[in-house]
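Chains as they are written, first to last, in this note's numbering: chain A, 11 to 123; chain B, 9 to 123.
C-beta atoms are modelled at their ideal positions from N, C-alpha and C, and glycine is treated no differently.
Reviewing the structure listed below.
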Amino acid sequence: NAGVTQTPKFQVLKTGQSMTLQCAQDMNHNSMYWYRQDPGMGLRLIYYSASEGTTDKGEVPNGYNVSRLNKREFSLRLESAAPSQTSVYFCASSEALQLRAQYFGPGTRLLVL
Amino acid sequence: GENVEQHPSTLSVQEGDSAVIKCTYSDSASNYFPWYKQELGKGPQLIIDIRSNVGEKKDQRIAVTLNKTAKHFSLHITETQPEDSAVYFCAASWNSGGSNYKLTFGKGTLLTVNP
């Protein structure tokens with residue numbers, strides 16, 4: 011039981027390049043989330059998916075898109091990377107949106123030059 | 009939305025001492041409060057959570073207290089050990105519309121336990 015897995019672990023991009031961050035969970039959770047973590051800012055929600063087939067914007071969605079591929083997988087795409095998107099990205103999942111513990115993956119460290 | 013303030017931002021204690029981290033929240037309708045521990049280079053790990061119908065919850069050396077009237081909750085770690093050294097985050101769950109709930113996180117507390 012791996013929990014939440016993320017790929018890649020580390021990535022360097024040039025400004026304007028695109029990439030997709032992958033996330034998968036094996037806990038049969040309905041809800042999934044993407045957060046970014048910046049020094050002194052805590053965790054901020056980018057997008058979330060309440061259940062398979064639905065996605066919604068979080069606190070900082072600009073510059074990102076998401077796809078809930080199936081119940082297990084939730085990807086985050088940067089269409090045209092900017093230096094301001096240099097951050098650590100965490101995927102999380104929970105049984106449901108309502109008052110349930112969220113379980114986090116190990117993170118993807120992204121550097122945009 | 010919700011606003012969560014967390015204090016202190018850094019905390020240094022001697023091994024065996026207790027550590028207390030405090031958070032305040034702004035939305036009186038918030039009703040779920042988890043605490044996460046994040047070790048260097050890893051993702052946040054849930055260590056304890058509390059719901060608004062409970063005033064205190066304990067799990068071995070860790071306890072969380074909730075004061076709904078004052079809108080604050082605290083993490084208590086007793087008999088601290090070097091392996092407790094990490095960044096701790098509090099969070100509060102709030103209703104963003106209909107049956108959708110989101111978590112707002114505090115900015116974290118770096119706890120250092122000195123041997």
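- By the C-beta density criterion, ALA12/A is exposed, having fewer than 16 other C-beta atoms within 10 angstroms.
- Spanning the alpha carbons of SER94/A and ASN72/A requires a straight line of approximately 11 Å.
- Put simply, the CB of MET42/A is far from chain B, with every gap to its CB atoms at 8 Å or more.
- Taking each of VAL95/B, SER17/B, ALA27/B in turn and checking the Cα distance to LEU54/B, the smallest one comes out for VAL95/B.
- With its beta carbon at least 8 Å from every one in chain B, GLN32/A lies outside the interface.
- For VAL21/B, the CB contacts under 8 Å within the same chain, skipping 5 residues up- and downstream, are ALA27, THR88, LEU119, THR120, VAL121, ASN122 in chain order.
- Note: ILE70/B is bridge-paired with ASP67/B, ILE85/B in the DSSP secondary-structure output.
- When the alpha-carbon of ALA106/A is set against those of LYS110/B, ARG69/B, ILE70/B, ILE85/B, the nearest one is in LYS110/B.
- For ASP35/B, there is no enclosing beta strand (DSSP E), as DSSP marks it with neither H nor E.
- In the DSSP assignment, GLY73/A falls outside any beta strand (DSSP E) and carries neither an H nor an E.
- For PRO93/A, the three-state secondary structure derived from DSSP is helix.
- Neighbours of ALA111/A in chain B, taken as residues at a C-beta separation under 8 Å, are given in chain order as PRO42, LEU54, ASP57.
- Three or more Cβ pairs closer than 8 Å define a contact, and the region 10–25 of chain B falls short of that threshold against the region 78–88 of chain A.
- SER97/A places its beta carbon 8 Å or farther from that of GLN27/A.
- Put simply, the backbone Cα of TYR40/B is about 25 Å away from that of ALA34/A.
- With respect to chain B, the C-beta atom of PRO18/A has no partner C-beta closer than 8 Å.
- Rounded to the nearest whole angstrom, the CA to CA distance from SER103/A to LEU83/B is 23 Å.
- DSSP, reduced to helix, strand and coil, places PRO90/B within a helical segment of the structure shown.
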